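Reading through the structure tokens given below for one structure.
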Amino acid sequence: MAIKNLLPLVVLLSVLGVSASQKGLDLNYYKSRCPDVEAIVHRVTVQYVSRQPSLAAALLRLHFHDCFVRGCDGSVLLRSRDNDAEINALPSLTLRGFIVVDAAKSAVEKKCPGVVSCADILALVARDAVSAINGPQWPVPLGRRDGRISRRSEVNIPSPFARIASLKQGFFAKGLNTTDLVVLSGSHTIGISNCGLIHKRIYNFTGKGDFDPSMNPSYVRKLKKRCKPNDLKTPVEMDPGSVKVFNSHYFDTVAQKKGLFTSDSTLLDDPETKSYIDRQVATAGSSFAKDFSESMVKLGFVEVLTGNKGEIRKRCSFVEPKKTKETLIFL
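Just so you know, we're using the working numbering here: the sequence shown kicks off at 390 and counts up by one.
Laid out in structure tokens, this is it:
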């Protein structure tokens, strides 16, 4: 994907107060060593997403999970012999889209063996997957290296059951602010969950057979029709009526008290996040695409490994063999 078609990195970074060079990343990082990397990843990603559009949400979520645990280092892609990697943690069990990352990595390896990290490929795949469904685009500075450690015990992803204080704390710990929290929550416009994650919220919120009072009662009735009392598996759209389109409709949904998760509804409990929601509703999401692009650039910088840190993996599921005291061992 041509950079000229993206929001200019210089403008984005000046707004965000972040320097790509200070983070060790560069839009032209692979210019001499693998100039076709973005075109290759884009081609592979579009092939998969065009056949299965729901992969866009899955791949975006995969990148988010990666960056929130040990930073954007590809550690979410690793597997371990004792099933003790990030991928084995409870919040990770519903992650999918690994096949797309593996296919993109394989295609890049054929062209440029041992050059491009899995962390960079995942960052590009997430961007291109959203673009493939006509969502926002953003520049992806490159140069991340792959981490060699992946531990189930370290997975502490912001929970769908979390209240606003906990969510803000989790984002602040990664160098992201309150605006990033509400903007990136907007990615739920294309997300799908299941009845199991909302069962208590609609059937037995306080243990008395009640539902969460922060939810719109008519929405609860609709959810109960879809999710029967013993149903934990049926899929549920996070943004009803807009799950196939990446837009600002999510904020309308939350404003109407139809947020699927507590983490959605609680955005109305904070003056800053509520103000952002109200603004997007009032302006039909006039700034959402731009804001989302900016927040995704920031997310991509979280705790990156560069220089001599980490490694460049040949296969994204396995640490490259070498003598190490680190606990993760490849299968």
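Every residue, glycine too, gets a C-beta built ideally from N, C-alpha and C. Source: prediction; values computed, not measured.
- Go ahead and pull the three-state DSSP assignment for Lys-393. As a working note, residue 393 is residue 4 in the sequence shown. Any reading at Lys-393 must be qualified, since the residue scores a pLDDT of 42, below 50, and its modelled position is unreliable; the value itself is stated next. Taken through DSSP and simplified to helix, strand or coil, Lys-393 comes out as helix.
- Message: For Ser-520 and Gln-526, I'd like the C-alpha separation in whole angstroms.
- Response: In the sequence shown, the residue the question calls residue 520 occupies position 131. In the sequence shown, the residue the question calls residue 526 occupies position 137. Spanning the two alpha carbons is a distance of roughly 6 Å.
- Look up Pro-480 in the DSSP assignment and say whether it is helix, strand or coil. The count along the sequence shown starts at 1 and reaches residue 480 at position 91. Correct three-state label for Pro-480: helix.
- With contact counted as at least three CB pairs below 8 Å, one residue from each stretch, are the segment 451-462 and the segment 679-698 in contact? Contact between the segment 451-462 and the segment 679-698 is present: 3 or more CB-CB pairs across the two stretches fall below 8 Å.
- With a CB to CB cut of under 6 Å and the five nearest residues on each side skipped, what residues in its chain are close to Met-685? Against the sequence shown, residue 685 aligns to sequence position 296. Counting only residues of its own chain and dropping the five nearest sequence neighbours on each side, Met-685 has a CB closer than 6 Å to the CB of Trp-527.
- Item | Bounding residues of the beta strand (DSSP E) (the contiguous stretch that carries Pro-528) | Residue mapping note: residue 528 aligns to position 139 of the sequence shown, counting from 1. In the DSSP assignment, Pro-528 falls outside any beta strand (DSSP E), carrying neither H nor E.
- Query: For the beta strand (DSSP E) that Ser-582 lies in, which residues bound it at each end?
  - Reply: What you label residue 582 is simply residue 193 of the sequence shown in a count that begins at 1. Note, Ser-582: beta strand (DSSP E), 581-583.
- Task: Taking 8 Å as the cut-off, decide whether the C-beta atoms of Pro-547 and Gly-559 are in contact.
- Result: Against the sequence shown, residue 547 aligns to sequence position 158. Against the sequence shown, residue 559 aligns to sequence position 170. In terms of Cβ geometry, Pro-547 and Gly-559 form a close pair [threshold 8 Å].
- Query: So who's on the other strand from Asp-415, going by DSSP bridges?
  - Reply: Here residue 415 is taken as the residue at index 26 of the sequence shown, counted from 1. According to DSSP, which records beta bridges pairwise, Asp-415 is partnered with Leu-531.
- Query: Start and end of the alpha helix (DSSP H) containing Glu-498?
  - Reply: As a first step, residue 498 must be located in the sequence shown, where it is residue number 109. That run of the alpha helix (DSSP H) goes 487-500.
- Message: For Ile-579 and Cys-616, which I take to be in contact (beta-carbon distance under 8 Å), what is that distance rounded to the nearest angstrom?
- Response: Residue mapping note: residue 579 aligns to position 190 of the sequence shown, counting from 1. Residue mapping note: residue 616 aligns to position 227 of the sequence shown, counting from 1. Contact between Ile-579 and Cys-616 is ruled out by a C-beta separation of about 20 Å, above the 8 Å threshold.
- Task: Give the straight-line distance between the Cα atoms of Cys-584 and Leu-484, rounded to the nearest whole angstrom.
- Result: Stepping through the sequence shown from its first residue, residue 584 is reached at position 195. Stepping through the sequence shown from its first residue, residue 484 is reached at position 95. Cys-584 and Leu-484: Cα-Cα distance of roughly 16 Å.
- Query: Could you give the distance in angstroms between the alpha-carbon of Cys-501 and the alpha-carbon of Pro-424?
  - Reply: Position 112 of the sequence shown, counted from the first residue, corresponds to residue 501. Position 35 of the sequence shown, counted from the first residue, corresponds to residue 424. Those two C-alpha atoms are separated by around 9 Å.
- Within this structure, are the beta carbons of Asp-667 and Val-572 separated by less than 8 Å? Counted from its first residue, the sequence shown places residue 667 at position 278. Counted from its first residue, the sequence shown places residue 572 at position 183. Going by beta carbons, Asp-667 and Val-572 fall outside the 8 Å limit.
- Query: In the structure shown, what three-state DSSP assignment does Pro-424 receive?
  - Reply: Stepping through the sequence shown from its first residue, residue 424 is reached at position 35. Per DSSP, reduced to three states, the secondary structure at Pro-424 is coil, with no helix or strand assignment.
- Query: Exposed or buried, Val-529, counting other C-beta atoms within 10 Å across all chains shown (16 or more means buried)?
  - Reply: As a working mapping, residue 529 is identified with position 140 in the sequence shown. With 16 or more Cβ atoms within 10 Å of its Cβ, Val-529 is classed as buried.
- Message: Taking the straight line between their C-alpha atoms, what separation do you get for Phe-594 and His-588?
- Response: Taking the sequence shown and counting its residues from 1, one reaches residue 594 at position 205. Taking the sequence shown and counting its residues from 1, one reaches residue 588 at position 199. Those two C-alpha atoms are separated by around 9 Å.
- Task: Would you kindly work out how many angstroms separate the C-alpha atoms of Lys-703 and Glu-709, rounded to a whole number?
- Result: Looking up residue 703 in the sequence shown gives position 314. Looking up residue 709 in the sequence shown gives position 320. Here the alpha carbons of Glu-709 and Lys-703 stand approximately 7 Å from one another.
- Query: In angstroms, rounded to a whole number, what distance separates the CA positions of Gly-503 and Ile-701?
  - Reply: In the sequence shown, the residue the question calls residue 503 occupies position 114. In the sequence shown, the residue the question calls residue 701 occupies position 312. One C-alpha to the other measures close to 6 Å.
- Ile-510 classed as buried or exposed, judged by whether at least 16 other C-beta atoms fall within 10 angstroms: Sequence index remark: in the sequence shown, residue 510 carries index 121 (1-based). Under this definition Ile-510 is a buried residue.
- Just the C-alpha distance for Gln-669 and Ala-551, rounded to the nearest angstrom, thanks. The residue labelled residue 669 in the question sits at position 280 within the sequence shown. The residue labelled residue 551 in the question sits at position 162 within the sequence shown. Looking at the backbone, the Cα of Gln-669 and that of Ala-551 are separated by about 23 Å.
- Message: Three Cβ pairs or more, each shorter than 8 Å: is that satisfied between the segment 467-475 and the segment 489-497?
- Response: Taking 8 Å as the limit for Cβ pairs, the verdict is that the segment 489-497 does not touch the segment 467-475.
- Determine the contact status of Gly-699 and Arg-541, defining contact as a CB-CB distance below 8 Å. Position 310 of the sequence shown, counting from 1, holds the residue named residue 699. Position 152 of the sequence shown, counting from 1, holds the residue named residue 541. In this structure, Gly-699 keeps its C-beta atom at 8 Å or more from the C-beta atom of Arg-541.
- Between the segment 561-577 and the segment 647-660, do three or more beta carbon pairs fall short of 8 Å? The segment 647-660 and the segment 561-577 touch, with three or more beta-carbon pairs separated by less than 8 Å.
- Message: Just verifying my parser: in three-state terms, what is the DSSP assignment at Glu-543?
- Response: By one-based count along the sequence shown, residue 543 stands at place 154. Judged by DSSP in its simplified three-state form, Glu-543 adopts helix.
- Item | Given Met-604 as reference, the closest of Asp-628, Gln-645, Lys-633 once Cα atoms are compared | Taking the sequence shown and counting its residues from 1, one reaches residue 604 at position 215. Nearest option by C-alpha distance: Gln-645.
- Message: With the cut-off set at 8 Å, would you say Tyr-419 and Leu-565 are in Cβ contact?
- Response: On the sequence shown, position 30 is the one that residue 419 refers to. On the sequence shown, position 176 is the one that residue 565 refers to. No Cβ-Cβ contact shorter than 8 Å links Tyr-419 with Leu-565.
- Item | Where Val-433 sits in the DSSP three-state scheme | The count along the sequence shown starts at 1 and reaches residue 433 at position 44. It is helical.
- Query: Tell me which same chain residues have a C-beta within less than 6 Å of the C-beta of Asp-659, skipping the five on either side of it?
  - Reply: Translated into the one-based positions of the sequence shown, residue 659 becomes position 270. Contacts found: Ile-553.
- Mark Asn-741 as exposed unless 16 or more other C-beta atoms lie within 10 angstroms of its C-beta, in which case mark it buried. Summary: the structure shown does not reach residue 741, with the chain confined to residues 390 through 720, and so no result is reported for it.
- Query: Buried or exposed: which applies to Gly-406, given that a residue is buried once 16 or more other Cβ atoms fall within 10 Å of its Cβ?
  - Reply: Within the sequence shown, the letter at position 17 stands for residue 406. Low local confidence applies: a pLDDT of 48 at Gly-406 is under 50, so the model's placement there is unreliable, with the coordinate-based value given in what follows. The residue in question, Gly-406, is exposed, as its Cβ has fewer than 16 Cβ neighbours within 10 Å.
- Message: According to DSSP, simplified to helix, strand and coil, what is Glu-475?
- Response: Stepping through the sequence shown from its first residue, residue 475 is reached at position 86. The answer is helix: DSSP assigns Glu-475 an H, G or I state.
- Task: Please work out which residues of its chain come closer than 7 Å, Cβ to Cβ, to Cys-705, disregarding the five sequence neighbours upstream and downstream, and give them in chain order.
- Result: Within the sequence shown, numbered from 1, the residue matching residue 705 stands at position 316. Gly-463, Leu-466, Val-490, Asp-491, Lys-494, Cys-507.
- Find the nearest neighbour of Arg-422 within the set Gly-689, Ile-522, Val-505, Ser-664, judged by alpha-carbon distance. The sequence position of residue 422 within the sequence shown is 33, counting from 1. Measuring from the Cα of Arg-422, the nearest candidate turns out to be Val-505.
- Query: Beta carbon of Glu-626, beta carbon of Ile-581: below 8 Å?
  - Reply: As a first step, residue 626 is located in the sequence shown; it is residue number 237 there, counting from the start. As a first step, residue 581 is located in the sequence shown; it is residue number 192 there, counting from the start. Their beta carbons are under 8 Å apart, which means Glu-626 touches Ile-581 by this criterion.
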